[in-house]
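*Asks:* Residue numbers (the working numbering): 3 to 303.
From the three backbone atoms N, C-alpha and C, an ideal C-beta is built for every residue, glycine too.
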Ligand code: ADP
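(1) What is the C-beta distance between residue 269 and residue 208, in whole angstroms, given that I count them as a contact (C-beta under 8 Å)?
(2) Between the beta-carbon of residue 177 and the beta-carbon of residue 213, is there less than 8 Å?
(3) Kindly confirm or deny that the stretch 240–256 and the stretch 101–116 touch, where touching means at least three C-beta pairs closer than 8 Å.
(4) Can the beta-carbon of residue 123 be found closer than 8 Å to that of residue 99?
(5) Taking a contact to mean a Cβ-Cβ separation below 8 Å, would you say residue 236 touches residue 197 in this structure?
(6) Is residue 39 near residue 32, with beta carbons less than 8 Å apart?
(7) Residue 130 to residue 265, Cα distance in whole Å?
(8) Just curious, the alpha helix (DSSP H) that residue 206 is in, first and last residue?
(9) Please go through the same chain and pick out, in chain order, the residues whose beta-carbon is closer than 6 Å to the beta-carbon of residue 292, but skip the five residues on each side of it.
(10) Please work out which residues of its chain come closer than 6 Å, Cβ to Cβ, to residue 60, disregarding the five sequence neighbours upstream and downstream, and give them in chain order.
(11) Tell me, please, which residues DSSP counts as bridged to residue 281.
(12) Based on the DSSP output, what are the partners of residue 151 in its beta bridges?
(13) On a CA-only basis, which of 188, 284 and 274 is nearest residue 233? Give me that one, please.
See the structure below:
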């Protein structure tokens with residue numbers, strides 16, 4: 003009887019310690035970085051629950067690490083893009099100055115031209131730095147909106163008046179569709195920035211001669227602005243990507259028209275910060291329509 007009790011005791015002890023041993027081994031493996039390792043879970047007793055909890059921790063840890071790795075990849079890709087974008091105009095400026103110093107300064111046929119080109123590149127650097135500061139301010143959560151009721155139709159008119167000289171220079175006519183006044187609730191200055199960006203793009207990526215048509219409507223879902231152009235359009239597979247930082251469909255055209263590749267990324271942030279939705283449609287070679295819809299303002303009595 004004594005021997006039998008001893009054997010039973012040993013069997014029971016083993017039955018209890020074997021899963022615990024497995025859990026211990028798994029915990030050690032996970033701790034040393036093997037996040038794919040899982041403890042075999044048998045039963046719903048305390049030991050089973052312990053195994054399950056350990057497995058959940060390993061899964062969550064794995065997910066967190068994947069997310070951090072993705073963020074790190076995006077961050078270093080962004081830094082790579084930033085340095086490339088800054089280096090290009092800087093290298094051009096350096097090149098022009100070097101050529102001038104090497105003797106071109108005495109050649110009246112080229113010296114003004116070289117200086118003008120270098121000056122243009124400083125403008126590009128400036129625009130890039132302004133957009134970079136803006137995007138980092140937005141992405142670090144520093145952006146504070148000051149929403150108020152304002153006349154969206156009047157804002158559209160102000161922006162078209164401001165951008166008319168740019169449009170005329172490119173033989174693009176700006177047309178504001180007539181319609182009833184549309185009120186909106188939002189940060190007027192930020193939405194002005196959004197609209198300026200969209201109208202500038204509609205002018206820059208248009209034809210010669212071309213047209214930009216602006217429509218403002220109060221839909222049941224909220225106020226909406228659309229900026230439709232008669233431009234080069236964007237292919238369907240590129241359409242969702244144009245809101246990514248530094249993504250350009252045609253890099254040389256963007257550079258030629260003074261683009262930074264950050265405008266639409268800023269637009270997206272600002273519209274989403276308002277709880278709004280972006281509108282984007284395009285027929286390649288025919289037209290593009292960019293716009294946004296703000297949430298319907300809840301009028302308080
Ligand atoms: P960029 O400073 O290069 O204009 P954006 O972020 O404003 O950068 O736009 C990203 C890209 O999307 C542009 O380089 C251009 O290729 C494309 N794009 C933007 N707006 C239009 C438009 N209205 N028509 C055609 N292409 C456009």
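*Replies:* Result, derived from the coordinates:
(1) Working through the chain shown from its first residue, we reach residue 269 at position 267. Working through the chain shown from its first residue, we reach residue 208 at position 206. Actually they do not touch by this definition, with Cβ atoms about 18 Å apart.
(2) The sequence position of residue 177 within the chain shown is 175, counting from 1. The sequence position of residue 213 within the chain shown is 211, counting from 1. Taking the C-beta atoms as reference points, residue 213 is found nearer than 8 Å to residue 177.
(3) Contact between the stretch 240–256 and the stretch 101–116 is absent, because fewer than three Cβ pairs lie under 8 Å.
(4) Position 121 of the chain shown, counting from 1, holds the residue named residue 123. Position 97 of the chain shown, counting from 1, holds the residue named residue 99. Cβ distance not < 8 Å, so residue 123 and residue 99 don't count as in contact.
(5) As a working mapping, residue 236 is identified with position 234 in the chain shown. As a working mapping, residue 197 is identified with position 195 in the chain shown. Not closer than 8 Å, so no.
(6) Position 37 of the chain shown holds residue 39. Position 30 of the chain shown holds residue 32. Yes, these two residues count as a Cβ contact at 8 Å.
(7) Looking up residue 130 in the chain shown gives position 128. Looking up residue 265 in the chain shown gives position 263. Within the model, the alpha-carbon separation for residue 130 versus residue 265 is close to 10 Å.
(8) Your numbering for residue 206 matches position 204 in the chain shown. Segment 190–206, the alpha helix (DSSP H) holding residue 206.
(9) Indexing the chain shown from 1 puts residue 292 at position 290. Here the set comprises 200, 229 and 282.
(10) The residue labelled residue 60 in the question sits at position 58 within the chain shown. Excluding sequence neighbours, residue 60 sits near 32 and 37.
(11) Sequence index remark: in the chain shown, residue 281 carries index 279 (1-based). Paired residue(s): 293.
(12) Looking up residue 151 in the chain shown gives position 149. Per the DSSP secondary-structure output, residue 151 pairs in a beta bridge with 187.
(13) Your numbering for residue 233 matches position 231 in the chain shown. The option with the nearest alpha carbon to residue 233 is 284.
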